[in-house]
Amino acid sequence: MSTVHPPPVVLFISGLDSAKEEHATFERFFLQRGLATLTLDGPGQGETWYRMKMRVDFEVTATAAIDWLRGRGDVDGTRVGICGVSLGGYLAPRCAAFEPRLKAVASCGGDTR
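Numbering (our numbering), first residue to last: 131 to 243.
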């Protein structure tokens, strides 16, 4: 396990009909390797399903998350990667394409067309 302090962060994005609470296995995987995690329900996902619509420009969600992480002292907000599963596997590379502060990207089961 890494002892880098403050640790880098993995921003984790769920699928269309998933919620942030479903991804504890992914979070443990990253945490065991010394990476902090931020798993969130983006607009139109999880708890926000009925209150907000999914955004076409989902990368604004990653930008807001990175801004928030950079204001914290317990994680390294300058070393943020992004990982997504299902629809999140499509959104993660899109976020990386539009948000230059993302240092790494991983896609698990993103759509291909």
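Positions of the beta carbon are idealized from the N, C-alpha and C atoms, including for glycine.
query	result
Cβ neighbours of Arg200 in the same chain (closer than 8 Å, five flanking residues each side left out)	Gly207, Thr208
Per DSSP, the bridge partner or partners of Thr167	Val140
Same chain, Cβ closer than 7 Å to Phe228, neighbours up to 5 away in sequence not counted	Glu189
Spatially closest choice to Tyr220 from Ile196, Ser144, Thr167, Leu165, by CA coordinates	Ser144
Those residues which DSSP pairs with Val215 across a bridge	Cys238
Whether Val210 touches Leu232 by CB criterion (8 Å)	yes
Status (buried if at least 16 other CB within 10 Å, exposed otherwise) for Thr155	exposed
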